[in-house]
Structures are given as C-alpha cells and as structure tokens.
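Below is one structure, written out as structure tokens, with a few remarks after it.
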Amino acid sequence: MKNIKTTILITLLTLSLFLVVGCSSQRRMFSDFQKSDKIKIVTTTTMLKDLASQIGGDKTYVHSLMNPGVDPHTYAATKLDLDYLMAADLIITSGLHLEAQTGETIKRLTSRGLKVISVGDILIEKHNNNHEDDIYLLNLEEDNNLYDP
C-alpha cells in the first residue's frame, strides 16, 4: 500500500513539474515576443505563420496561435493567446469562418484598433473561361502595402 502511495505521489509531482516548466517556457516565449523591436505578427494557423515569416523575413517576429494538427473550426483562444493578440502589430487570419471561435474573439479586438488582415477578404476570383470552376488568387500586388513599416 505504501508503494502505491509513493508511486502516485511521484507521478503527480512529475506531472506538476512538467506543467510548471511548460507554462514558464510559453510565458518566456511571450515575453520575448512582447519585447521584440521587430514587427510582431500573430497568425491563426501555422500555414499563415509560414507565409508571414517568408514574406517578412528577419524584420518580423511571427507567432501562430494554433499548433500543427489543430482543428481551427473548434479551437478556442486561451488567456496567453489573448496576450499575444493584444501585443501584436498585425494579426493575420484565414477568415471565411475557418477560425470559428477564435475569429469572433479577433473581431471583438479589432474595435480596439488592432490591425487585422483576413486573407479570405482579399481573395479575388479570376478566370477567363466559361465553366464553373472558380480559381481564387491572392492579390498580393494590390495588397502588398497593407502593412509596411
């Protein structure tokens, strides 16, 4: 009986340690983001993070709210996510209702003057054929200067 209690206690202490270490490293990453002199960009998905990082290069510090494999339709923002959003110079979302719950949070934050680009809002339909297949292109030339330090 004593061995079982000891095993349970050690397991709980180990799990608590992992939780504390994990949370402190996330807070440390946020602190680095917040203090950065670079353009701070928060994206909702990792795909948008990759794009923003490639376009912004070393002038940007890009953070994605969602990790790979997360379903954006059901993802709900955490307190740390809200901290990132409030510290951002620019927020990039997919739009088109992809980030259902998080999208609503971001909409509320735009009333505070945060700059938000929803990629779905800047897509244009472009085709020169007579069939119904729609091809959508991101109009990068037109929107290239949406955020230029």
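Quick note: the sequence shown uses my numbering, first residue 251, plus one each step. Glycine included, every Cβ here is placed at the ideal spot set by N, Cα and C.
- Task: Verify whether the separation of the beta carbon atoms of I305 and A338 is less than 9 Å.
- Result: no
- Message: Tell me which residues share the same chain as Q276 and place their Cβ nearer than 8 Å to its Cβ, disregarding the 5 neighbours each side in the sequence.
- Response: L330
- Message: Looking at the ligand PLP, does it come within less than 8 Å of V292, judged from the CB to the closest heavy atom?
- Response: With respect to small molecules bound, the structure shown includes none, and the ligand PLP cannot be examined in it.
- Please name the residue or residues paired with T355 in a DSSP beta bridge. T355 is not bridged to any residue.
- Task: In angstroms with no decimal places, state the Cα-to-Cα distance between K357 and T310.
- Result: 23 Å
- Message: Please state the DSSP three-state secondary structure of S344.
- Response: coil
- How would you write the range of the alpha helix (DSSP H) that Y325 sits in, first residue to last? Run containing Y325: none; DSSP gives neither H nor E here.
- Message: Can you list, in chain order, the residues of its chain with a C-beta nearer than 7 Å to that of D333? Leave out the 5 residues immediately preceding and following it.
- Response: F280
- Ends of the alpha helix (DSSP H) at I305? 296-306
- Exposed or buried, which one is S286 when buried takes at least 16 other CB atoms within 10 Å? exposed
- Residues bridged to K290 [DSSP beta-bridge criterion]: Y311
- Query: With burial defined as no fewer than 16 other Cβ atoms inside 10 Å of the residue's Cβ, what is the status of N253: buried or exposed?
  - Reply: exposed
- In chain order, what residues of the same chain lie with their CB nearer than 7 Å to the CB of A302, ignoring the 5 residues before and after it? I291, T293, T310, V312, I342
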